[in-house]
Amino acid sequence: MADPYKARAPFAPWDRRTLPGLFDVEESARRVGNFKWAEMKLFEALGGWVATVPELDVKMRLGTHCYKHAWHAELWHKRLPELREMNPDRLTVAANDAMTRFVEAMTEPEAADQTIEKLVGVYRVFIPRFIAAYTYHLNGTSEITDAPTIRTLKLILQDEFEDWRDGEMMIQSLIETPEEVARAAAHQQKLETIMIEAGGLAGPGTLGSQ
Amino acid sequence: MRKFFPVEELARDERFNKITMKDRQNDPRSVFAADGEGDSKRANFRLTPARRDASDGARGLMHGIFVGEIQALEGAGRTCWDFETETEAPFALKLDMARQCWDEARHVEISVKLSDWMGTEIGQYAENTVLFEAACSTDPVMRLAGVNRALEGLAIDVFTTMKEFGDLAGDPYLEFCEDWMLADEVTHVKMGSDWLRKMTEKDPERRNKALEFQSVVDKLFSYGGTRSDSSESPIGLARRFRELAGFTDEEVESIADVSLQALNERKLAVAKMLGAADSLTAAAAGE
Amino acid sequence: MTITVIPETFSYVSFDADLIRRVTGDLATSLGLEGHPITVEVDETTPLARTRIDITDGIKIRADSGAFEDTRKPRQQSETATATSLGRVLLRARDRLSGGFGEAPPDNELSLAQIAAWETYSIGRLERLGIPVNRQRWLYNFRNRHGFTDAGDGAFDQLWRSEGLTWGELCAISAAAAMAVTPT
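Chains as they are written, first to last, in the numbering used here: chain A, 75 to 284; chain B, 4 to 290; chain C, 1034 to 1217.
Here's what the structure looks like:
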């Protein structure tokens, strides 16, 4: 066995983490507040829609996904005070007005024959934006100073990928005609247009500046 | 999407047929009038394998659980949506309701699998939407009383009856699944009890109103004597699990009284109805 | 063929006496019971689904309204439920009338396992007559009375497939299945 008192490098040769990150504490907290707001809006909408969709398999999936996003909101809620924000509600806001309008437009469909629109809004527009924003944050933040956020992001991203796949498969199984393809595309276009205006989950710069 | 979703619009596929409590109350038939032959089994309707119609009774109850879980899922989901966070309902309460959504969604999945195992098709029985009606209050505290304490409390009673049924029959899946679901329901009732206490801490009037509402819902769920301590009721009152869920002895006694009252009222109504029918028959026969 | 339905008109439920008569007639013809006068009396005051039969003087069937009811639509009649309920009792009547079931006790003295075994034997035959049945429902019923075992499921299959069994043969299959769960 090696001598336990022999000096070793504090970072093992395979540990390539680096100190610099794109976000300071304040910016990280701002983004996390936007994430929490978005996750809250999503879990509330999914919960509300359960009663409005007649398809039993979709009903059950929405109920399951509702909890996952509530849990994400809770994780972000707990992270905020650790980022010097002692009043988490202050930063639990939409990135901007366009983001608020996006959520309003996404949650507009209610009728029982609008399951395609409901799912397209969540799984083809909103959740891909979550995946993008979280991936950018994960790749950009300091691997050492912001490790708790990284851990949370990894846990959440696992859910987001699984839910996105579930949702996309439900959409594919529901769309059967060219008219339904057009409906899905039109709704996606409408929502994407607002999302472009919003600039992403954390506003312009969600994915950095090009 | 609107806030507060009307029970009549609950979305279902073509297999389901929804009925209301009013429809059920309008059905003049009763099991208590069943036997003109002095059948001793008439005095014991508790759902056990010893009952002659045990399998069909269990299948019917299982389908009732299935649609009840769908409505519980919908009710919890609506609480996530209907109330503004913090100004109308605390964030943590909504997180609990979202958790309940996941639990109820799993219960629907379990119920579908169990129904299939028992030879029941989805939608084979009419769906009474009374459970969701209890989830329509515009006050979150009332909703907690109606859904988490009354509805989920009923679920504790039903699951206990079904768990015992599965155990006695030697059904390897029924007992196993009901036990798991029972664990979740005890958690939901406890959640309701805790939130009710917390949210009405400084408002005894609101608390009393909520408890009163719960009592009304409890009686509604005991309609026709479906659930009570009496062996004439198919479903018993699960005192032990209710205790675990945070009901006080006094509360359990109160539910027992209300349930027994519902049973006796139904029996009286049936007796009156049969008396009236007999009089009509005698009059027609010129007696 | 004389078929009497009591009552002719219903007040508690929306049942059709003509439909009951037609279904009874079709079944009686299929089962070779045309020579027997049949009375079907419906107790519409109860939603239970019991059926009882008396063959001492013609065939008299007494059914609770739940036996003919569409469980999806309370108080409405289901032709399939009507055919299944009547078919079960008529097959039992035919078994008793045609010999081989002479030593079978009266219906109210049958054990729960014997009832389940006879039901299985009857429903299997009804399925072959073209009446829609849910096999899993009857398997579950049989399992509740004979245990949830491979031996029990095998006995179920045997009864379901059988024609021309005697009471003794039916009881032997049932007893063998029940033995598989009896602790040793």
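Even glycine gets a Cβ: it sits at the ideal position worked out from N, Cα and C.
As the structure is a computational prediction, the values presented were derived from the model and not from experiment.
Burial is judged here by how many other beta carbons sit within 10 angstroms of a residue's own beta carbon; ASN211/B has fewer than 16 and is exposed. The beta carbon of ILE1206/C sits closer than 7 angstroms to those of ALA1150, ALA1188, GLN1191 and LEU1192, all from its chain and outside the five residues before and after it, given in chain order.
Those residues of the region 221–244 of chain A placed with their C-beta closer than 7 angstroms to a C-beta in chain B do not exist. With the criterion set as a beta carbon lying under 8 angstroms from some beta carbon of chain C, the members of the region 123–154 of chain B are THR123, GLU124, GLY126, GLN127, TYR128 and ALA129, in sequence order. For ASP1097/C, the secondary structure class from DSSP, reduced to helix, strand or coil, is strand. Residue pairing by DSSP puts ILE1092/C in a beta bridge opposite ILE1071/C. ASP1076, GLU1077, THR1078, THR1079, PRO1080, LEU1081, ALA1082, ARG1083 and ASP1097: these are the residues of the region 1066–1097 of chain C whose beta carbon lies less than 8 angstroms from some beta carbon of chain B, given in chain order.
When 7 angstroms is used as the limit between beta carbons, GLY137/A is near these residues of chain B: LEU76, GLY80, CYS104, TRP105, GLU107 and ALA108, in chain order. With fewer than three CB-CB distances shorter than 8 angstroms, the region 141–148 of chain A does not count as touching the region 168–188 of chain A. If you draw a straight line from the Cα of MET65/B to the Cα of ALA158/B, it comes to about 11 angstroms. Judged by DSSP secondary structure, ILE125/B falls outside any alpha helix (DSSP H); it is assigned neither H nor E.
Within chain C, the residues placing a beta-carbon under 7 angstroms from that of ILE22/B are PRO1107, ordered along the chain. With respect to the 7 angstroms criterion, CYS139/B and GLY121/A are not classified as neighbours on the basis of their beta carbons.
Comparing alpha carbon positions, the residue from ILE245/A, THR251/A, GLU101/A and LYS152/A closest to VAL199/A is ILE245/A.
Per DSSP, reduced to three states, the secondary structure at THR1182/C is coil, with no helix or strand assignment. For SER1047/C, the three-state secondary structure derived from DSSP is strand. Among the residues of the region 165–177 of chain B, those with a Cβ less than 7 angstroms away from any Cβ of chain C are ALA172, GLY173, ASP174 and PRO175, in the order of the chain. Chain C places no beta carbon closer than 7 angstroms to that of SER257/B, leaving this residue out of the contacts.
By the CB criterion at 7 angstroms, GLY173/B and GLY1180/C fall inside the cutoff. Proximity of ALA265/B to chain A, defined by a Cβ-Cβ separation below 7 angstroms, is not satisfied. Along the region 1121–1203 of chain C, the alpha helix (DSSP H) occurs as fully enclosed runs of 4 or more residues at 1145–1161, 1168–1179 and 1183–1194, listed in sequence order.
Using beta-carbon distances, GLN1169/C counts as an interface residue toward chain B, with a partner under 7 angstroms. Going by DSSP, GLN1109/C is part of the beta strand (DSSP E) stretching over 1106–1110. By the neighbour-count criterion, in which a residue is buried when 16 or more other Cβ atoms sit within 10 angstroms of its Cβ, SER1131/C is exposed. Boundaries of the alpha helix (DSSP H) around ASP85/B: 57–85.
Here the region 148–166 of chain B does not lie against the region 1195–1209 of chain C, with fewer than 3 beta-carbon pairs under 8 angstroms apart.
Taking a C-beta distance under 7 angstroms as the contact criterion, SER1155/C and ARG1121/C qualify as a contact pair.
Under the three-state reduction of DSSP, ASP26/B is assigned to helix. In this structure, GLY95/A lies near ASP220/A, with their beta-carbon atoms less than 7 angstroms apart. Under DSSP, no beta-bridge partner is assigned to VAL199/A.
Contact annotation for PRO31/B against chain C: TYR1045 [CB-CB distance below 7 angstroms, chain order]. For the 7 angstroms CB-CB criterion, GLU113/A and HIS146/A form a contact.
Assignment of beta strand (DSSP E) within the region 104–182 of chain A, counting only whole runs of 3 or more residues, yields no such run. Close to SER58/B, with beta-carbon spacing below 7 angstroms, are these residues of chain C in chain order: TYR1173, ASN1174 and ASN1177. Annotated as proximal: THR138/A and ALA108/B, with beta-carbon spacing under 7 angstroms.
Burial is judged here by how many other beta carbons sit within 10 angstroms of a residue's own beta carbon; ALA256/A has fewer than 16 and is exposed.
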